[in-house]
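Below is one structure, written out as structure tokens; the observations come after it.
2 protein chains.
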Amino acid sequence: MKLVSSEDEISSLCSRWREKGLKIGFVPTMGALHAGHLKLVEAALEDSNRVVVSIFVNPTQFGVNEDLSRYPRDIRRDSALLENLGVSAVFAPDIETVYPRGFSSEIRVKGLTDGLCGTYRPGHFHGVATVCAVLFGIVRPDIAVFGRKDAQQLAVVKRMTSDLRLGVRILTVPIVREKDGLAMSSRNAYLSQEERKQAAAISRGLFAAVEACRGGQRDCSALRDVFREEVEGEPLLSVQYIVTVDPNTMKKVEKVEKEVLLAVAVFAGKTRLIDNVLIEPEV
Amino acid sequence: MKLVSSEDEISSLCSRWREKGLKIGFVPTMGALHAGHLKLVEAALEDSNRVVVSIFVNPTQFGVNEDLSRYPRDIRRDSALLENLGVSAVFAPDIETVYPRGFSSEIRVKGLTDGLCGTYRPGHFHGVATVCAVLFGIVRPDIAVFGRKDAQQLAVVKRMTSDLRLGVRILTVPIVREKDGLAMSSRNAYLSQEERKQAAAISRGLFAAVEACRGGQRDCSALRDVFREEVEGEPLLSVQYIVTVDPNTMKKVEKVEKEVLLAVAVFAGKTRLIDNVLIEPEV
Numbered sequence: 000m001k002l003v004s005s006e007d008e009i010s011s012l013c014s015r016w017r018e019k020g021l022k023i024g025f026v027p028t029m030g031a032l033h034a035g036h037l038k039l040v041e042a043a044l045e046d047s048n049r050v051v052v053s054i055f056v057n058p059t060q061f062g063v064n065e066d067l068s069r070y071p072r073d074i075r076r077d078s079a080l081l082e083n084l085g086v087s088a089v090f091a092p093d094i095e096t097v098y099p100r101g102f103s104s105e106i107r108v109k110g111l112t113d114g115l116c117g118t119y120r121p122g123h124f125h126g127v128a129t130v131c132a133v134l135f136g137i138v139r140p141d142i143a144v145f146g147r148k149d150a151q152q153l154a155v156v157k158r159m160t161s162d163l164r165l166g167v168r169i170l171t172v173p174i175v176r177e178k179d180g181l182a183m184s185s186r187n188a189y190l191s192q193e194e195r196k197q198a199a200a201i202s203r204g205l206f207a208a209v210e211a212c213r214g215g216q217r218d219c220s221a222l223r224d225v226f227r228e229e230v231e232g233e234p235l236l237s238v239q240y241i242v243t244v245d246p247n248t249m250k251k252v253e254k255v256e257k258e259v260l261l262a263v264a265v266f267a268g269k270t271r272l273i274d275n276v277l278i279e280p281e282v
Numbered sequence: 000m001k002l003v004s005s006e007d008e009i010s011s012l013c014s015r016w017r018e019k020g021l022k023i024g025f026v027p028t029m030g031a032l033h034a035g036h037l038k039l040v041e042a043a044l045e046d047s048n049r050v051v052v053s054i055f056v057n058p059t060q061f062g063v064n065e066d067l068s069r070y071p072r073d074i075r076r077d078s079a080l081l082e083n084l085g086v087s088a089v090f091a092p093d094i095e096t097v098y099p100r101g102f103s104s105e106i107r108v109k110g111l112t113d114g115l116c117g118t119y120r121p122g123h124f125h126g127v128a129t130v131c132a133v134l135f136g137i138v139r140p141d142i143a144v145f146g147r148k149d150a151q152q153l154a155v156v157k158r159m160t161s162d163l164r165l166g167v168r169i170l171t172v173p174i175v176r177e178k179d180g181l182a183m184s185s186r187n188a189y190l191s192q193e194e195r196k197q198a199a200a201i202s203r204g205l206f207a208a209v210e211a212c213r214g215g216q217r218d219c220s221a222l223r224d225v226f227r228e229e230v231e232g233e234p235l236l237s238v239q240y241i242v243t244v245d246p247n248t249m250k251k252v253e254k255v256e257k258e259v260l261l262a263v264a265v266f267a268g269k270t271r272l273i274d275n276v277l278i279e280p281e282v
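Residue numbers (our numbering), protein chains in the order written: chain H, 0 to 282; chain E, 0 to 282.
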């Protein structure tokens with residue numbers, strides 16, 4: 000496996016693969032890899048002949064009061080994990096490589112980025128969309144793999160990739176969960192023991208809403224209440240948002256008539272966690 | 000020459016050329032072609048094996064009170080001119096092809112789009128940057144050719160193409176002028192006979208500023224005054240802006256120490272005309 004920090008080097012490596020007719024899969028990450036990331040990589044390995052994983056803690060998607068400086072970093076451990084899986088190259092550029100002097104462009108995906116996390120993290124999705132376009136431009140993969148935990152990010156990246164005809168197919172992978180149901184996240188490392196224990200209520204609440212729908216409840220407001228009740232039982236948790244939206248447009252939905260995304264952001268102490276489920280009307 | 004309106008058709012045509020190792024040149028236009036456009040096409044033909052010209056009056060780069068509806072359109076005449084030159088394909092999509100249902104992305108090139116035309120045409124350059132990225136994504140040319148008359152547009156497109164690693168090299172072509180010096184523009188068709196006559200003062204003013212610099216004047220404020228005096232002699236002309244800026248960053252400059260762009264927008268009656276010259280310090 001190659002560990003590459005130079006743009007020219009990764010570009011020409013990928014060009015050579017393309018010229019040989021090899022299919023390139025790409026998994027953009029911020030490192031601090033967990034089992035969820037590894038599932039993305041496995042999906043890429045299954046689909047493509049060569050897999051590139053980027054590790055780049057992108058400053059433009061962090062707000063001023065967010066956790067950029069303390070975001071967990073361990074490139075050695077990450078590289079070892081990726082090498083074991085059979086990844087061909089890790090691209091770990093520094094900030095000046097991704098954003099050279101004079102960099103001025105920003106991609107906004109209007110509408111999709113207004114609600115949910117966009118309300119509380121202004122500019123976050125502009126940062127995500129822009130860095131994805133840049134990384135896609137450098138690597139020029141055939142496919143890129145994203146997890147469904149960041150449901151709004153996924154919708155934004157899909158829309159942007161299609162709008163700007165970047166020529167990259169987006170594959171998605173289901174949320175990977177801990178045994179008690181907590182969605183895998185690099186930010187879980189911030190949780191105290193007690194916060195970690197209570198955080199299990201987030202997925203319990205989501206699954207309870209799915210069950211309520213199976214039981215006949217089609218009213219989204221009632222489903223959101225099912226979630227809220229579960230989480231409000233835990234004193235260290237506080238809900239930032241609970242929404243029911245169309246998974247592609249992120250527009251609010253009040254009845255389960257087709258697939259609905261129930262997406263939430265919950266603070267466990269000072270740590271902000273997100274999670275979601277897709278709720279489908281029984282057929 | 001092929002006249003294509005479908006995205007799939009132009010994409011697969013260009014893919015076939017690429018697979019054969021042919022170099023693709025691209026000239027994006029809004030039609031109403033004049034001798035300036037034809038110079039762009041000639042530059043593309045000289046550089047590349049196959050040349051695609053797009054004709055698309057892009058609504059997102061027009062302001063609400065601008066001339067979108069009356070912008071001149073003559074696809075037959077344009078096509079005939081391009082076929083004569085040896086263009087391989089004209090891509091003339093409709094609005095829904097370029098911006099399919101749900102299209103939500105917008106590219107902003109910060110800083111570069113604030114001054115000059117950006118001040119008076121808010122959103123204009125977001126529209127230009129976005130449509131160029133979309134068209135580049137559809138055609139995937141090796142090179143794209145732009146004229147220097149739209150100096151700010153050129154800076155924006157260069158920056159965006161480089162920032163987002165679109166893999167397209169930008170070629171530029173000097174301003175083509177009428178015999179009396181007026182820069183070629185599709186909007187010259189709007190001018191009355193008297194406006195047309197007086198409009199020659201715009202280029203006279205620019206050339207006078209270049210002469211003044213050759214004569215030793217390095218103070219940009221004085222050079223702008225040289226231009227202003229020339230234009231103020233014509234009663235049907237009124238200056239919207241006169242700026243001296245760095246041609247790449249569009250940042251204001253007050254001394255001619257390296258290449259300076261003197262860029263102007265002038266109303267001739269109700270028609271807004273732009274023009275510019277590069278002023279270089281004598282070596």
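Ideal placement from N, C-alpha and C gives every residue a C-beta, glycine not left out.
None of these values were measured; they are calculated from a predicted model.
Asked: Inter-residue spacing [alpha-carbon to alpha-carbon] between E:Ser-202 and E:Ala-132; Found: 32 Å
Asked: Cβ contact check for the stretch 31 to 43 of chain H and the stretch 150 to 168 of chain H: 3 or more pairs under 8 Å; Found: no
Asked: Given E:Ser-4 as reference, the closest of E:Ala-221, E:Ser-237, E:Phe-90 once Cα atoms are compared; Found: E:Phe-90
Asked: Complete runs of the alpha helix (DSSP H) confined to the stretch 208 to 238 of chain H [at least 4 residues]; Found: 219 to 231
Asked: Residue ranges of each alpha helix (DSSP H) within the stretch 25 to 69 of chain E, 4 or longer; Found: 34 to 46
Asked: Contacts around E:Glu-279, its chain only, beta-carbon distance under 6 Å, and the 5 residues preceding and following it disregarded; Found: Glu-258
Asked: Completely contained beta strand (DSSP E) runs for the stretch 101 to 183 of chain E, where each covers 3 or more residues; Found: 104 to 108, 142 to 146, 168 to 172
Asked: Residue nearest to H:Phe-204 in terms of C-alpha spacing, selected from H:Ala-188, H:Ser-237, H:Val-172, H:Gln-192; Found: The residue you asked about is not Phe; residue 204 of chain H is Gly in the sequence shown. The candidate whose alpha carbon is nearest that of H:Gly-204 is H:Ser-237.
Asked: Of the residues E:Gly-126, E:Thr-59, E:Val-26, E:Val-86, the one placed nearest E:Arg-49, counting alpha carbons only; Found: E:Val-86
Asked: H:Cys-116 Cβ short of 6 Å to the ligand NAD heavy atom set; Found: The model on display carries no ligand, and the ligand NAD is accordingly not part of it.
Asked: E:Asn-83, DSSP secondary structure in three states; Found: helix
Asked: Nearest-angstrom beta carbon gap, H:Ala-221 and H:Leu-115 [assumed within contact, 8 Å]; Found: Rounded, the Cβ-Cβ distance is 20 Å, inconsistent with contact.
Asked: For H:Tyr-189, the three-state DSSP class (helix, strand or coil); Found: helix
Asked: Neighbouring residues, chain H, relative to E:Lys-109 (Cβ below 7 Å); Found: Ser-103, Glu-105
Asked: Neighbouring residues, chain H, relative to E:Met-159 (Cβ below 9 Å); Found: Ser-103, Ser-104
Asked: Beta-carbon gap between E:Asp-141 and E:Lys-1 smaller than 7 Å; Found: no
Asked: C-alpha distance - H:Cys-13 paired with H:Arg-213, whole-angstrom precision; Found: 47 Å
Asked: Buried or exposed (CB count within 10 angstroms, at least 16 for buried), H:Ser-47; Found: buried
Asked: Spatial neighbours of E:Val-225 in its chain, beta-carbon cut-off 6 Å, leaving aside the 5 residues before and after; Found: Ala-207, Ala-208, Ala-211
Asked: Complete beta strand (DSSP E) runs within the stretch 252 to 278 of chain H (minimum length 3 residues, chain order); Found: 259 to 267, 270 to 278
Asked: Coil, strand or helix - E:Leu-205 by DSSP; Found: helix
Asked: E:Ala-143 beta carbon less than 7 Å from that of E:Phe-55; Found: no
Asked: Reference H:Val-286, options H:Asp-274, H:Tyr-240, H:Gln-216, H:Arg-147, closest by Cα; Found: Nothing about residue 286 of chain H can be reported from this structure: the residues present for chain H run from 0 to 282 only.
Asked: Cβ-Cβ separation, E:Gln-239 to E:Tyr-119 (assumed contact under 8 Å), whole Å; Found: 6 Å
Asked: H:Val-21 - DSSP class collapsed to helix/strand/coil; Found: Before going on, a small fix: residue 21 of chain H reads as Leu here, not Val. Three-state DSSP puts H:Leu-21 in coil, outside helix and strand.
Asked: Backbone secondary structure at H:Thr-243 - three-state DSSP; Found: strand
Asked: Start and end residues, alpha helix (DSSP H) containing H:Thr-96; Found: 94 to 97
Asked: Exposed unless 16 or more other CB atoms sit within 10 angstroms - verdict on E:Glu-8; Found: exposed
Asked: Reduced DSSP category for H:Ala-199 - H, G, I as helix; E, B as strand; rest coil; Found: helix
Asked: Span of the beta strand (DSSP E), counted from its first residue to its last, around H:Lys-250; Found: Counting along the chain, H:Lys-250 falls outside any beta strand (DSSP E), and DSSP gives it neither H nor E.
Asked: C-alpha gap between E:Arg-195 and E:Arg-168, whole angstroms; Found: 35 Å
Asked: Nearest-angstrom Cα separation, counted from H:Asn-247 out to H:Arg-176; Found: 23 Å
Asked: Positions along the stretch 75 to 98 of chain H whose CB lies within less than 7 Å of some CB in chain E; Found: none
Asked: Identity of the residues DSSP links to E:Leu-2 by a beta bridge; Found: E:Val-89
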